[in-house]
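Chemist: Note that numbering that gives the first Met the number 0 gives residue 173 to position 174 of the sequence shown, counting from 1, and the numbers run on in steps of one. I am attaching a structure below and will ask some questions about it afterwards.
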Amino acid sequence: MPALAAIPPRLLLTGACGQLGQVLREPLRQAGQTLRLSDRKGLVGSPLQTGESFEPCELGDRAAVRHLLRDVDAVVHLGGVSVEGPFDPILEANILGLYNLYEAARRNGVPRIVFASSNHVTGCYAQDERISTQNRPRPDGNYGVSKLFGEGLAQLYFDRYRIETVCLRIGTATVSPPDRRGMSSWLSHRDLAQLVLCALSAPNVGCHIVFGASANPASWWDNAEAAARIGFEPQDSAEGWRAQIDAQPLSDPASPTTRLQGGSFLGIGPFDE
Ligand code: 15L
0 MPALAAIPPR LLLTGACGQL GQVLREPLRQ AGQTLRLSDR KGLVGSPLQT GESFEPCELG
60 DRAAVRHLLR DVDAVVHLGG VSVEGPFDPI LEANILGLYN LYEAARRNGV PRIVFASSNH
120 VTGCYAQDER ISTQNRPRPD GNYGVSKLFG EGLAQLYFDR YRIETVCLRI GTATVSPPDR
180 RGMSSWLSHR DLAQLVLCAL SAPNVGCHIV FGASANPASW WDNAEAAARI GFEPQDSAEG
240 WRAQIDAQPL SDPASPTTRL QGGSFLGIGP FDE
């Protein structure tokens, strides 16, 4: 892993009680001086450590989000809906909530945001296509569209207000690749932590988009340039699980969930709300 430039000292982690929040809590606590944790309800996981604090917050509550972002130097924003689903909860947390977050950053003078975008921004590309962040977005559902909105908002707030963002199009960030798709989309927890630290510390990033994936030989994403821009050098590879994954039953090759990069999200919806 490359030597890191300085990590902003006072950090805020939203979505701290979610699966990835719990993975990132420890490395962020060690990297920063103070770490404010936030989620919708109470703290989940180990009790607060030295340097940590916890504040519950609903992202749809503009005043509360503004208060949450006081006195921090950077935000790692994982909060919001993290799966495909009906539009209204996504609207509230991922669209209105993200607007509230950027407005709070502007009004509090927070200079850097690390935004958990998603590979579902490009989930309608076929699995036999190789793409980079230069390819145009092809979101695979409400969730993917909300992440695309977030990337647009990040660009707007850089161009107009000079708030820098690294948008992480996170793949499948699990302990090990869960299925055939994961052989291409997997991001190890160790690589996730490195990616977020690079996104916090890389100088002059402007508004930058990078896929969050380990060094998987079967990757669909040509990420070399985008990763190098922030010094991200993934250490892990899904290939170590090849034998177990190849032993899994094959799924219908004609189904969009098998054919397209977004996988199972292509099988969810429409919702007839
Ligand atoms: C995501 O963006 C989701 O948050 C996560 O639940 C996974 O589905 C992941 O993408 C993935 O594509 O595997």
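Using N, Cα and C, we set each Cβ at its ideal position, and we do this for glycine too.
1) Round the Cβ separation of residue 69 and residue 107 to the nearest angstrom and send it over; I've been treating them as touching at under 8 angstroms.
2) For a test of your reading of the model: does the CB of residue 213 fall under 7 angstroms from any non-hydrogen atom of the ligand 15L? Yes or no.
3) I want to check one thing, is the minimum distance from the CB of residue 170 to the heavy atoms of the ligand 15L below 7 angstroms?
4) DSSP puts residue 143 in a beta bridge; with which residues?
5) Taking DSSP as the reference, what is the three-state secondary structure of residue 185?
6) Helix, strand or coil for residue 161? Go by DSSP, reduced to three states.
7) Using the Cβ count rule (16 or more neighbours within 10 Å means buried), how would you classify residue 272?
8) Go ahead and label residue 22 buried or exposed: buried means 16 or more other beta carbons lie within 10 angstroms of its beta carbon, across all protein chains shown.
9) If residue 213 sits next to residue 168, beta carbons under 8 angstroms apart, how far is it from one beta carbon to the other, in whole angstroms?
10) On the premise that residue 10 lies in contact with residue 73, defined as a C-beta separation below 8 angstroms, what is that separation, rounded to the nearest angstrom?
11) Comparing the CB of residue 262 with every heavy atom of the ligand 15L, is any distance shorter than 7 angstroms?
12) When you compare the CB positions of residue 19 and residue 37, do they come within less than 8 angstroms of one another, or not?
13) Just tell me which of 141, 93 and 251 has its CA closest to the CA of residue 79.
Modeler: With the structure as the only source:
1) Within the sequence shown, the letter at position 70 stands for residue 69. Within the sequence shown, the letter at position 108 stands for residue 107. About 6 angstroms separates the two Cβ atoms, so the contact holds.
2) In the sequence shown, residue 213 corresponds to position 214, counting from 1. Taking 7 angstroms as the cut-off, the C-beta of residue 213 does not count as close to any heavy atom of the ligand 15L.
3) In the sequence shown, the residue the question calls residue 170 occupies position 171. Within the cutoff, so yes.
4) For the purposes of this step, residue 143 is identified with residue 144 of the sequence shown, where counting begins at 1. Looking at the DSSP assignment, residue 143 forms no beta bridge with any residue, so it has no partner.
5) Counted from its first residue, the sequence shown places residue 185 at position 186. It is a strand residue.
6) Taking the first residue of the sequence shown as position 1, residue 161 is located at position 162. Here residue 161 sits in coil by DSSP.
7) Here residue 272 refers to the residue found at position 273 of the sequence shown. In this structure residue 272 is exposed. Its beta-carbon is surrounded by fewer than 16 other beta-carbon atoms within 10 angstroms.
8) For the purposes of this step, residue 22 is identified with residue 23 of the sequence shown, where counting begins at 1. Buried is the call here.
9) Translated into the one-based positions of the sequence shown, residue 213 becomes position 214. Translated into the one-based positions of the sequence shown, residue 168 becomes position 169. Contact annotation, residue 213 with residue 168: C-beta distance approximately 14 angstroms; criterion of less than 8 angstroms not satisfied.
10) As a working note, residue 73 is residue 74 in the sequence shown. As a working note, residue 10 is residue 11 in the sequence shown. Confirmed, about 6 angstroms.
11) As a position in the sequence shown, residue 262 is number 263, starting the count at 1. For residue 262, the shortest separation between its Cβ and any heavy atom of the ligand 15L lies below 7 angstroms.
12) Position 20 of the sequence shown, counted from the start, is the residue given in the question as residue 19. Position 38 of the sequence shown, counted from the start, is the residue given in the question as residue 37. In this structure, residue 19 keeps its C-beta atom at 8 angstroms or more from the C-beta atom of residue 37.
13) To locate residue 79, count along the sequence shown from 1; it is residue 80. When only C-alpha atoms are compared, the closest one is 93.
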